[in-house]
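Novice:
Chains as they are written, first to last, in this note's numbering: chain A, 3 to 456; chain B, 91 to 250.
#1: Going by CA-CA distance only, name the one from B:136, B:223, B:185 and B:141 that's closest to residue 242 of chain B.
#2: Can you tell me which of the three DSSP states residue 215 of chain B falls into?
#3: List, from N- to C-terminal side, the beta strand (DSSP E) runs of 3 residues or more that fit wholly inside the region 410 to 444 of chain A.
#4: For residue 364 of chain A, which beta-bridge partners are listed by DSSP?
#5: Using alpha carbons as the reference points, say which of A:392, A:422, A:344 and A:336 lies closest to residue 375 of chain A.
#6: What residues of chain B sit near residue 391 of chain A, judged by a beta carbon separation below 7 Å?
#7: DSSP state of residue 371 of chain A, grouped into three classes?
#8: Taking the alpha carbon of residue 8 of chain A as the point to measure from, which residue in A:27, A:22 and A:20 has its own alpha carbon closest?
#9: Which first and last residues belong to the alpha helix (DSSP H) in which residue 395 of chain A is found?
#10: Go ahead and pull the three-state DSSP assignment for residue 129 of chain B.
#11: Evaluate contact between the region 376 to 396 of chain A and the region 409 to 420 of chain A, counting only Cβ atoms and requiring at least three cross-stretch pairs below 8 Å.
#12: So, does the CB of residue 225 of chain B fall closer than 8 Å to a CB anywhere in chain A?
#13: What number of angstroms, rounded off, separates the C-alpha of residue 425 of chain A from the C-alpha of residue 438 of chain A?
#14: CA-CA distance, residue 451 of chain A and residue 218 of chain B?
#15: Interface residues of chain B around residue 8 of chain A at Cβ under 7 Å?
#16: Should the region 12 to 22 of chain A be called in touch with the region 204 to 220 of chain B, which here means at least 3 C-beta pairs below 8 Å?
#17: Show which residues of chain B have a CB atom less than 8 Å away from the CB atom of residue 2 of chain A.
#18: Report buried or exposed for residue 361 of chain A, applying the criterion of at least 16 other Cβ atoms within 10 angstroms of its Cβ.
#19: Is residue 19 of chain A near the ligand COA, with its Cβ less than 7 Å from a heavy atom?
#20: Is the CB of residue 25 of chain A under 8 Å away from at least one CB in chain B?
#21: Starting from the C-beta of residue 188 of chain B, find all residues in its chain whose C-beta is less than 7 Å away, skip the five residues before and the five after it, and write them out in chain order.
#22: Taking Cβ positions only, does residue 111 of chain B come closer than 8 Å to chain A?
#23: Please list, in chain order, the chain A residues whose beta carbon lies closer than 8 Å to that of residue 118 of chain B.
#24: In chain B, which residues lie with their C-beta within 7 Å of the C-beta of residue 47 of chain A?
#25: List the residues of chain A whose Cβ lies closer than 8 Å to the Cβ of residue 186 of chain B, in chain order.
#26: From residue 138 of chain B to residue 197 of chain B, what distance separates their C-alpha atoms?
#27: Using a 10 Å radius around the Cβ and a threshold of 16 neighbouring Cβ atoms, would you call residue 225 of chain B buried or exposed?
#28: Along the region 190 to 209 of chain B, what residues have a CB closer than 8 Å to any CB found in chain A?
#29: With a Cβ-Cβ cutoff of 8 Å, do residue 111 of chain B and residue 103 of chain B count as a contact?
#30: Does DSSP classify residue 385 of chain A as helix, strand or coil?
#31: Are there 16 or more other CB atoms within 10 angstroms of the CB of residue 332 of chain A, so buried, or fewer, so exposed?
#32: Beta carbon of residue 379 of chain A, beta carbon of residue 363 of chain A: below 8 Å?
#33: Please classify residue 179 of chain B: is it buried, with 16 or more other beta-carbons within 10 angstroms of its beta-carbon, or exposed?
#34: If I measure Cβ to Cβ from residue 228 of chain A and keep anything under 6 Å in the same chain, skipping five residues before and after, which residues do I get?
#35: Nearest to residue 10 of chain A by CA position, among B:228, B:107, B:208 and B:134, is which residue?
#36: Give me the chain B residues within the contact set of residue 18 of chain A, using Cβ-Cβ distance strictly less than 8 Å, ordered along the chain.
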């Protein structure tokens, strides 16, 4: 075929080419260096244009255009990942050359970079090239996805929101006590109950402020409802006038997520906001990520009273689970950022090759993969082997080091010739990541790429 | 309909007009029109009407628009704790907006629609183009936006 035009390249980047078209274009890209260069250029333009459009939203709306990868959560994870990978254990059990283990360290640290790079202005051509290379493969695809992160400036309004709720709850209880103290005095001594609001306001992180309110406070709440709680009941009614925000929250439009979250779980948001450390918000928002069932994740997480560094991994761990609920029966295009997130913060790439596209799909579609978990697939084009497919699954949360993963033991390299003439190499790496590389060619040729996966 | 599209429409219109308040007004207008004549394929329809409204409105008040955007920028800038960063972001947004303004209406619309997650089919439907032309349109629009922005960075804001 002749050279691929810019329209086709962009259609490929946007995931708009049909199967046969895509194969034709990819085959050509694999063979034509000139078009590959133009493809890279088109990808850089796409990434930069996406980034620039995101800047139009202004600071208050920035997260919308930020990558779906929680940039607040990712940076803290980077040091942790590097710490883990530096234990050196993987060196011993890495099936490939020691080189892989050595460079894992760099890769593990490098990968989260896209998340942070995204928020920077593109003023430097080098930075642009670099970030475009590993990051928004399909930048424009990512835009409609909700951003999971919440920069500081976005947190402020939600903190204010939460603080308002806390104040309102406190005021409501106070007023309730005033109104009901006379009535209740006939039965109970009035001394204890009035302490409730003060307690809640002063110690909003205590479970009493959450949904798991103690018996006393729930009783108080029930008594309060008919009268003094009116102002508290009213906000939901007011919000009821604006059903869009509620549904938007469900539809993952980040703009209204903070109010949406407050609506679903007012007490929890209040609680999170009152923590003032901002980390709680981060936690909630990290959970309320790109996946439609995210509100559930956020709710599930928010009752946790202690906010520690462990929240970030938990948020990430919740997402693949949520993703499975909506996973399509085929592979679909995702951004590199999303792929990194699905891989729990680190991703395996073939050194020296530019990914053509990144996809995710159920493991049931890939021989040897755990069928119940998602596979992240990165497709490359190599000049000699043509399309190379790198599939990967992160280790199970509770997986032990040295244990088998999908039937493979550390150090095993399983090479199979596929009926379609491709060669598939499967192995697990030092951190228990299950990997599969498929390419057309001699087994040794494919295996040579295994050593470049890091 | 409102629930599903209000957020995306306001975002699209904010990007298009640079004025969140006006974007909100225009989005309301879009929904009013949608109620008057419910579209069969709402997504491209809503976006197309929104972009048309924004264009007409922009012609009428091109000057006022800049003034409003400036005001909005100043207001939000003064209320935040990090004015420097805010200022930088506003400057960048202004530069992007200026770059976006150099594009043709079609290129600009295609870019904004794509950014809202529209498929090529939907963009084609909203803009009255052939689907096969969308890739080329987007390729050109992306390139021009980036180049216009870079040119601007290289001259007006070169100091940064």
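We put the CB at the ideal spot given by N, CA and C, even for glycine.
Specialist: Straight from the coordinates:
#1: Per the Cα distances, B:185.
#2: Three-state result, residue 215 of chain B: helix.
#3: If only complete runs of 3 or more residues are kept, the region 410 to 444 of chain A shows the beta strand (DSSP E) at 415 to 419, 424 to 430 and 436 to 442, in order along the chain.
#4: DSSP, once it has assigned bridges, lists A:376 as partnering residue 364 of chain A.
#5: Per the Cα distances, A:344.
#6: Within 7 Å Cβ-Cβ: nothing; residue 391 of chain A doesn't reach chain B, min ~24 Å.
#7: Of the three classes helix, strand and coil, the one that applies to residue 371 of chain A here is coil, per DSSP.
#8: It is A:27.
#9: For residue 395 of chain A, no alpha helix (DSSP H) segment is defined; the enclosing uninterrupted segment is the beta strand (DSSP E) at 388 to 395.
#10: In this structure, residue 129 of chain B counts as coil in the three-state DSSP scheme.
#11: The region 376 to 396 of chain A, when compared against the region 409 to 420 of chain A, does not touch it at the 8 Å Cβ threshold.
#12: Closer than 8 Å to some Cβ of chain A, the Cβ of residue 225 of chain B qualifies, so yes.
#13: A direct Cα-Cα distance of roughly 10 Å separates residue 425 of chain A from residue 438 of chain A.
#14: Distance from the CA atom of residue 451 of chain A to the CA atom of residue 218 of chain B, rounded to whole angstroms, is 46 Å.
#15: Per Cβ cutoff of 7 Å: 226 and 229.
#16: Output reads yes: the region 204 to 220 of chain B touches the region 12 to 22 of chain A.
#17: The first residue shown for chain A is 3 and the last is 456, placing residue 2 of chain A beyond what the model contains.
#18: Buried: at least 16 other Cβ atoms inside 10 Å.
#19: Of ligands this structure carries none, so the ligand COA is not represented either.
#20: Interface flag for residue 25 of chain A against chain B is unset, since no Cβ pair is found closer than 8 Å.
#21: Excluding sequence neighbours, residue 188 of chain B sits near 242.
#22: Contacts with chain A at 8 Å (Cβ-Cβ) do not include residue 111 of chain B.
#23: In chain order: nothing, as chain A lies at least about 11 Å away.
#24: Under the 7 Å cutoff, chain B gives 232, 233 and 236.
#25: Under the 8 Å cutoff, chain A gives 54, 55, 57 and 58.
#26: For the pair residue 138 of chain B and residue 197 of chain B, the Cα-to-Cα distance works out to about 13 Å.
#27: Around the beta-carbon of residue 225 of chain B, 16 or more other beta-carbon atoms lie within 10 Å, marking it buried.
#28: So the list reads 190, 201, 202, 204, 205, 206, 207 and 209, given in the order they occur along the chain.
#29: No, the Cβ-Cβ distance between residue 111 of chain B and residue 103 of chain B is not below 8 Å.
#30: Collapsing the DSSP output to three states places residue 385 of chain A in coil.
#31: Residue 332 of chain A sits exposed, since fewer than 16 C-beta atoms from the chains shown fall within 10 Å of its C-beta.
#32: Result yes, Cβ atoms of residue 379 of chain A and residue 363 of chain A sit closer than 8 Å.
#33: Residue environment: residue 179 of chain B is assigned as buried (16 or more neighbouring CB atoms within 10 Å of its CB, all protein chains considered).
#34: Model confidence at residue 228 of chain A stands at a pLDDT of 39, short of 50, so the residue's coordinates are unreliable; what they give is reported in the following sentence. There are no such residues.
#35: The residue with the shortest Cα to Cα distance from residue 10 of chain A is B:228.
#36: 209, 210, 224 and 225, listed in chain order.
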